[in-house]
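One structure below.
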Amino acid sequence: MKITLGGVAAPGSSRLNKTGGWRVFYPEFLHIRCTDCGLCQKLCPEGCIFKADKKNFYADLEYCKGCGICAEECPVHDIEMRPEVR
Amino acid sequence: MYQIGVSQPYNNNLFAPGHTACAGCGQSLAARLVLNALGPNVIVANATGCLEVFSSNFPQSSWEVPWIHSLFENTPAVASGIEAALKALGREDEAIVVAQGGDGGFADIGFGALSGAIERGHNILFIVYDNEAYMNTGVQRSGLTPFDASTTTSPAGGCSFGNPTDKKPVAQIVAAHGAPYVAVTSVGYYRDLERKVQKAAGIKGPKFLQIHVPCPLGWGHDTSLTIKIARLAVQTGLYPLFEMENGEITSVVKITPKPRPVEDYLKPQARFRHLFKPGAEEELKKIQAIADENIRRYKLYEG
Amino acid sequence: MKEIRIHGRGGQGVVTAAELLAIAAHADGKYAQAIPSFGSERMGAPVQAFVRISEEKILMRTHVYNPDFLIVQDATLIGAYDIFSGLKDGGYVLINSEKKPEEIKIEGNRFRVATVPATRIALEILQRPIPNTILIGAFAGLTGVVTLEGVKESIRHRFSGEIARKNEEAAEYAYKLVKGGQ
Amino acid sequence: MDQVRKTVVLEGSRGVAEAVRLCRPNVIAAYPITPQTHIVENLSQMVADGLLKAENIRVESEHSAASAVLGASAAGARAYTATTSQGFLLMLEVLYNMAGLRLPVVLTAVNRGISAPLTIHNDIQDSLAARDTGFVQLYAEDNQEALDMHIQAFKIAEDHRVLLPVLIGMDGFILTHSFEPVSLPTQEEVDEFLPPYKPVFYLTPKAPLTMGTKTDPEFYTEARYMLHKAQQNARQVIVEVAQEFKEKFGRFSGDLIDTYLTEDAEIIFVSMGSLVSNLRAIAQELRQEGKKVGVLKIRAFRPFPFEEIVRAISGAKIVIVMEKDISLGATGVLAQEIRAAFYGKANVPRLSGFVVGLGGRDVTRETVLKGLRLAQESDHLCTFLDLNPELLEEV
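Residue numbers (the numbering used here), protein chains in the order written: chain A, 12 to 97; chain B, 818 to 1120; chain C, 341 to 522; chain D, 2 to 396.
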């Protein structure tokens, strides 16, 4: 890697920086009461919650910082924050 | 000579993960919501500040759209130049030009540049991510820091209840310039945010959005409460959400079912902790009065 | 090289006079330079401008300290300011005045003095009290440093239409006035 | 006479405006700080008359003027601004940024003194404050050179070996407000000489990229080194462009430096800007008196022509630097750098540095001759010429 002209950077290249290591708690998607509202995905500051299938959301733990917003905002309490065991 | 890679956006987001914002950062969330609402055909000029620092650490960038950062106080002027260049080069339809930054970069040090750019009528969407202090440099007071908030330069102490002034009404000041569209929204009301972003994007001329974005670090609340806190600011009447078109208020987000006491908003935040010690009762009344006045002025609740 | 210093007051077109002289000399095929006195003067304050005319390329860019010629656009400056400073012995002084040259008191009597009632002529022909084109016309007649044709060309260069025509007429009138020795 | 016939008498500012117009800038942004020059007024009129197709942004400050041309350049436009004095200083922060972002903006720095005390008059203290910004800095001796330099400046700035902003220093009033004959190139000639700007990178959704990143210690030094290297590349490019300009337009006023009567000179005056012109006239006079005097013009102040200067003047016995600036607490800026150029060299001439012409004080023949006399008697580190002792308070 070399210094680019004026220090320009490639778009979206920060995804090389895996921020999952910051986590103290991780979100456990219970997949019990999910209504498929998608709020967890919408409100994730990292944008790292994916929808695999209908009512089947999961967090990409490579990036999830464990803030807990998804669990807090889930209207049916279908996400729980659990301590990371490392 | 130089190869700048083009990639498929991650998870259909125009703001990529891997940025170094704090966990639970309201600003990073708002920035992503804004870009996704605007789509890829934008050019963003960004002021120095948290958002810039955590998203553009060489050689990495979280931006999937063309993006430039120059300095702290000049972003509206940089965007003016970009907009003029697109016009001059016949590329006007290529992109929506966005100038964005924090409350410090836009409402304080960059306010002259903001005023000039709006007054000149550039076709630019101006966005202030209002986290109510200089968070990037360690939570110093800005012109948008609310009354009695304790910051590192307006600390609460034996002789002080924190910031002695209330927020500068920057949206109203911008509206007074004659901007066709001015709106205040909040990351706690993502539908309202998306609607206002898209509405702004469809209007020609200068348009201005102020977005309330809680900062877990600077405000001292749990990282999971970012959205809740943002909603409470609105539900207490302390952060009225409204739209102004050509200087007139055309919509407000009503409080339902009824206004919450300001304590509900203040209590979870360390920056207001000093207001819940004996002797601060009068201060809480003053803050309630600010909320009541907002409710009256913006007709947020008719009970 | 000929060096000219123009004295007047703000609003009398001193800088324009210098510019016109430079353009006139240039039209005659000479090198020329016009330097306004640099300042933040307001209307009525004394101002100066400098002109150099030469067969060779002009390198010096200072003010003019030892002029060959003085043009005085406002006679009230005489006595009030040291406007004759550095004027070469035998140098020409052209003054905008109703008086005869011998009525103008200048210490030492070392200069050739001529007067022309430029403001009166300006009011008559131009209906405005701007004496500069008349003085330039008189200067051409008196010194031959620039030609009348050069002066007219400079006026056409700087002004247009009726204003140019009237200024040409006024300059020519003054040119003939001093040539006729009137 | 034929030479004269091909020229037209223009105010210096107007000449520059004509040159800028011929370069077809896409965006112009300027702030009319009092007293701005007529350059941007003339350009505004050209836009209003349809003679120049450019976006003309009337910004609310000089800081924003610089920022707007920065943004325009980043979006792929050819951009221009002009300023002077305090306004220049207000731009300073942006100038560093512009160079760091490698944006080839051209800026006319009309040279005037800086406050306090307030002055509107000429010296070059303002643009020398931008010494370390990364801007290529060229200084014009007369209005023809100022005009020609602007056409060259865009070409230098936009050369992919350089990609740095270029500043043209032009003495306030002495050049900007003076009328003298200049030769105006035709649009066809300029178009042939200066092709449209082709950016390496620019802001477009067609190829998104991030400009203006932040760096950590592992990258910053290298980024600054690359800027320094671009300045080094500019040495060659300035020479090439000056040569090409000469071939195309028949005029040459030097590249990094210019010399006048220096071949056999025992005494050499060194200066920048319009003062060089006066020094040429005085050197001519002194030559007629049999004195072996020459003049060295520093045309490019950044990149600084260390080697060229040494080559040009090491044969002299005495070098006299005359400059309209002062690095307070040190010496004149130019004298410092010329001394630095000679460090470690053999056959170092004696050198005197004089500060002259601050805040519009005329640098007369007498001033220069006094400097000559003093320099012959002894070496002067930094002496103010023409100081009026009656005005000086004993401290």
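Glycine included, every Cβ here is placed at the ideal spot set by N, Cα and C.
Using a 10 angstroms sphere on the CB of A:Pro56, the tally of other CB atoms reaches 16 or more, which defines it as buried. An exposed status is given to B:Gly995, since fewer than 16 other beta-carbon atoms sit within 10 Å of its beta-carbon. Assignment of C:Ala454 by DSSP, reduced to helix, strand and coil, places it in the strand class. The beta-carbon distance between D:Thr84 and D:Met92, rounded to whole angstroms, is 6 Å. This is short enough to meet the 8 Å contact definition.
At a Cβ-Cβ threshold of 7 Å, B:Thr837 and B:Phe871 count as neighbours. In terms of beta-carbon proximity, B:Cys1032 stays away from the interface with chain A, with every pair separated by 7 Å or more. Closest by C-alpha distance to B:Pro857, out of A:Leu27, A:Gly23 and A:Phe40, is A:Gly23. Taking the CA atoms as reference points, A:Leu72 sits about 13 Å from A:Arg93. Distances from the CA of C:Phe479 to each of C:Ala504, C:Lys439 and C:Leu434 were compared; the closest alpha carbon is that of C:Leu434. If the five residues before and after C:Arg496 are omitted, its C-beta is found closer than 6 Å to the C-beta atoms of Ala504, all from its own chain and listed in chain order.
Of the residues B:Ala993, B:Lys1013 and B:Tyr1006, the one whose Cα lies closest to the Cα of B:Ala1000 is B:Lys1013.
Among the residues facing chain A, B:Gln877 is included, as its CB has a counterpart in that chain under 7 Å away. At a C-beta separation below 7 Å, A:Gly18 has these neighbours in chain D: Thr214, Thr216 and Ala224. DSSP assignment within the stretch 5–67 of chain D yields the following whole alpha helix (DSSP H) runs of 4 residues or more, N-terminal first: 13–23 and 39–49. Fully enclosed beta strand (DSSP E) runs of no fewer than 3 residues occupy 998–1003 of the stretch 977–1003 of chain B, in order along the chain. DSSP lists no bridge partner for A:Gly18. Taken atom to atom, the span from the alpha-carbon of B:Ile944 to that of D:Leu52 is near 36 Å.
Counting other Cβ atoms within 10 Å of its Cβ, D:Asn98 reaches 16 or more and is therefore classed as buried. With 16 or more neighbouring CB atoms inside 10 Å of its own CB, C:Ser377 falls in the buried class.
Spatial neighbours of B:Asn830 in its own chain (CB-CB distance under 7 Å, excluding positions within 5 residues in sequence) are listed in chain order as Arg849 and Asn853. By the criterion of a C-beta distance shorter than 6 Å, B:Lys1024 is surrounded in its chain by Leu942, Tyr998 and Ala1017, once the five residues flanking it on both sides are discounted. In the three-state DSSP reduction, D:Ser278 falls in the helix class (H, G or I). One Cα belongs to B:Thr1002, the other to A:Thr30, and the distance between them is close to 29 Å. Of the other Cβ atoms in all chains shown, fewer than 16 fall within 10 Å of the Cβ of C:Ser500; this residue is therefore exposed. In this structure, the beta-carbon distance from D:Val111 to D:Met171 falls below 7 Å. DSSP places A:Met12 in the coil class of the three-state scheme, outside both helix and strand. B:Ser887 is positioned such that its CB atom lies no closer than 7 Å to that of A:Ala20. Inter-segment contact for the stretch 104–118 of chain D and the stretch 157–171 of chain D is present: three or more beta-carbon pairs are separated by less than 8 Å. With contacts defined as CB atoms closer than 7 Å, C:Ala372 and C:Ile393 qualify as a contacting pair. Interface with chain A (7 Å Cβ-Cβ cutoff): D:Pro306 is excluded.
Taking the C-beta atoms as reference points, D:Val10 is found nearer than 7 Å to C:Ala362. If the five residues before and after B:Val991 are omitted, its C-beta is found closer than 7 Å to the C-beta atoms of Ile935, Val999 and Phe1025, all from its own chain and listed in chain order. B:Tyr1082 and B:Leu1049 have their alpha carbons spaced roughly 5 Å apart. Per the Cβ contact rule, the stretch 308–317 of chain D is not in contact with the stretch 277–286 of chain D (fewer than 3 Cβ pairs under 8 Å).
Taking each of D:Ser14, D:Ser62 and D:Gly101 in turn and checking the Cα distance to D:Ser74, the smallest one comes out for D:Gly101.
For B:Ile1028, the enclosing beta strand (DSSP E) starts and ends at Lys1024 to His1029.
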